[in-house]
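**Q** Numbering of the sequence shown is given in this note's numbering, commencing with residue 52 and proceeding in unit increments. Ideal Cβ positions, reconstructed from N, Cα and C, are used throughout, including at glycine. Questions regarding the structure given below will be posed in turn.
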Amino acid sequence: MNKIVFIVKTDINTDGRILNELRILKEWNKDLEVDLILFPDKKVTISFDDSVKLHQIHGTFRHNKFLRVFTVLEFTFKAFKLLNKLKPRIIHAQDSSIILPVLLFRLLHPNKFWLIYDDHEVPNKNGSFLNKILGALENFFIKNSDAVIMANKERMLYLKKKLHLKNKLFYFLNLPYFDVNPSTVPSALIESKLDELEQRKKKGTKFIIHQGRLEIERGRQKLAEISKELPNPYVILLLGGTEADFIKFKKENGLHDDKFLFIGNVNYEVLPLFWEKGCASIVMYLPTYTNNRLCAPNRLYLSYFLGLPIIVNKNNPVLFDFIDSYKAGAFIEDFTENSSVEFFNQLNNLIIDDSAKERLLAMEKNKIIDFYSSIIDKVPKAG
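This is the structure we're talking about:
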């Protein structure tokens, strides 16, 4: 049997990259069975069919930062024990937090399985001492993987040059590969929020979607400045983050409620239902640090595929290249330099080409399928 193990640390409810990869693989080979070893950031609220067996590892001191070393050791022991039981032929690993048990398993079984590392993020040079140690360990892991899947072309080229990589490399964009088909009916709370948005749309409100936490490196200050100049009937719809931080954000910048509508966190499976209420989106990553400069935000691609023009900061090379190549939006700098009304009139007249979207979608899906097709019958048998 082609035993595949995905091992990840994440909030699987909202991790579109992993969920998309699993679904693409299952559609390609319906007989494929995957064991998903999960170190969950949050309680799992989604379900999987019989082809994916979920193994959750819960640390005794999971959220105590002072006992983090014990959390790492506990996870390493439990995950390593599970890997020995499962005897995978392929390990698909994501996030630097899970590499210790996989490295140990690799050292003891050097020729028994194929190791794939899926790019999570590029460490920033300004990280803490501990993060630098973890970054060095992750670099060693990357170099000793059979293949590395990056989140975009820019990250792939950067890491290839920096680490002098000779192994198999390719990138896989965080696109929305499937239509919105929630596996469960949206909750009454979600339905009420969607209904509120729809009622406001009928009255003329135009929502600009901002998804994610209100962080400095995600353009927190720029967002505040834009909201002050936002013409009627535009309102910024906030998905993600905490209400406490939103209140602090408003207080710090002297902002008014009438230019924002806070929704908060929404599960990945129903997220596009909220995006469909928007007329445009705003995605910002300041290029101050490496990981921000080489960003790979799934909301950028979600907006593009839903036909919503995207407003980005021009000084980020990844965002600039995407908007420029696919004619998918406009730049914040143009908003601040020109009439806001004229800016939005031009944005509203933008038409995103459907054929370009379909070509991009097919090309990216085929990368995962072609890669697994090339190795599935060649990897050694574990045990």
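Here's a check: name, in chain order, each residue in its chain whose Cβ is nearer than 6 Å to the Cβ of M52, leaving out the five neighbours to either side.
**A** Caution is warranted here: a pLDDT of 47 is assigned to M52, below 50, making its placement in the model unreliable, and no coordinate value can be reported.
**Q** My output table needs one value for T61: the three-state DSSP class, helix, strand or coil.
**A** In this structure, T61 counts as strand in the three-state DSSP scheme.
**Q** State the start and end residues of the unbroken beta strand (DSSP E) segment that holds A202.
**A** Per DSSP, A202 belongs to no beta strand (DSSP E) and is neither H nor E.
**Q** Let's test the definition: count the other Cβ atoms within 10 Å of the Cβ of M414 and tell me whether it reaches 16, buried, or not, exposed.
**A** When all chains shown are included, M414 counts as exposed.
**Q** Can you give me the C-alpha to C-alpha distance between N367 and D82, rounded to a whole angstrom?
**A** Each residue's alpha carbon lies about 42 Å from the other.
**Q** Taking C-alpha atoms, which residue in Q145, G186 and H160 lies nearest to I167?
**A** Ranking Q145, G186 and H160 by Cα distance to I167 puts Q145 first.
**Q** Here's the rule: buried if 16 or more other CB atoms are within 10 angstroms of the residue's CB, otherwise exposed. What is H114?
**A** Result: exposed.
**Q** Just verifying my parser: in three-state terms, what is the DSSP assignment at K219?
**A** In the structure shown, K219 sits in a strand (DSSP, three-state: E or B).
**Q** Tell me the rounded alpha-carbon separation between Y355 and I361.
**A** When rounded, the distance between both Cα atoms is 7 Å.
**Q** How would you label V56, buried or exposed, when you count the other beta carbons within 10 angstroms and need 16 or more for buried?
**A** Per the 10 Å Cβ criterion, buried.
**Q** Answer yes or no: do K328 and L245 have a C-beta to C-beta separation smaller than 9 Å?
**A** Cβ distance < 9 Å, so K328 and L245 count as in contact.
**Q** Does the beta-carbon of N283 have 16 or more other beta-carbons within 10 angstroms, so that it is buried, or is it exposed?
**A** It counts as exposed.
**Q** Just to confirm the assignment: which complete alpha helix (DSSP H) runs, minimum length 4, are found wholly within the segment 340 to 426?
**A** Correct list: 341 to 344, 349 to 356, 368 to 377, 383 to 388, 391 to 399 and 405 to 426.
**Q** With DSSP collapsed to three states, give me the class of D246.
**A** Note: D246 maps to helix in three-state DSSP.
**Q** If you draw a straight line from the C-alpha of L290 to the C-alpha of S243, how long is it?
**A** When rounded, the distance between both Cα atoms is 15 Å.
**Q** Over the uninterrupted alpha helix (DSSP H) stretch that includes K129, give me the two end residues.
**A** Start and end: R119 to L137.
**Q** Which value, in whole angstroms, describes the spacing of the CA atoms of A295 and N304?
**A** Rounded to whole angstroms, A295 to N304 spans 15 Å at the Cα level.
**Q** In the DSSP assignment, the alpha helix (DSSP H) including K54 goes from what residue to what residue?
**A** That residue, K54, is in no alpha helix (DSSP H); it is neither H nor E in DSSP.
**Q** Let me know the secondary structure DSSP gives I167 once reduced to three states.
**A** If DSSP states are grouped into helix, strand and coil, I167 belongs with the strands.
**Q** Please state if the CB of V286 and the CB of K254 are separated by a distance shorter than 9 Å.
**A** Not a contact, by the Cβ cut-off of 9 Å.
**Q** On the three-state DSSP scale, how would you describe Y285?
**A** Three-state DSSP puts Y285 in a strand.
**Q** For Q51, does the count of other Cβ atoms within 10 angstroms reach 16, so buried, or fall short, so exposed?
**A** A question about residue 51 goes unanswered here, because the residues of the chain that appear run from 52 up to 434.
**Q** Considering I442, what are the terminal residues of the beta strand (DSSP E) in which it resides?
**A** Outside the shown range of the chain (52 to 434) lies residue 442, about which nothing can therefore be said.
**Q** With a threshold of 8 Å, are at least 3 pairs of Cβ atoms found where one atom belongs to the segment 268 to 277 and the other to the segment 317 to 336?
**A** Short answer: they touch.
**Q** If contacts are defined as beta-carbon pairs under 8 Å, then K219 and D197 qualify, I think. What distance do you get, rounded to the angstrom?
**A** Rounded, the Cβ-Cβ distance is 7 Å, consistent with contact.
**Q** When the distance is taken between beta carbons, is L401 closer than 9 Å to V48?
**A** The structure shown has nothing for residue 48, since the chain only spans 52 to 434.
**Q** Along the chain, where does the alpha helix (DSSP H) that runs through L265 open and close?
**A** Segment: none, L265 is in no alpha helix (DSSP H) and carries neither H nor E.
**Q** With a cut-off of 8 Å on the beta carbons, I'd call D169 and R206 a contact; round off their distance for me.
**A** Not quite, the Cβ-Cβ distance comes to about 12 Å (not below 8 Å), so this is no contact.
**Q** If we count the other Cβ atoms within 10 Å of its Cβ and call it buried at 16 or more, is N417 buried or exposed?
**A** Exposed, because fewer than 16 other Cβ atoms sit within 10 Å of the Cβ of N417.
**Q** Assign I184 to one of three DSSP states: helix, strand, or coil.
**A** Helix.
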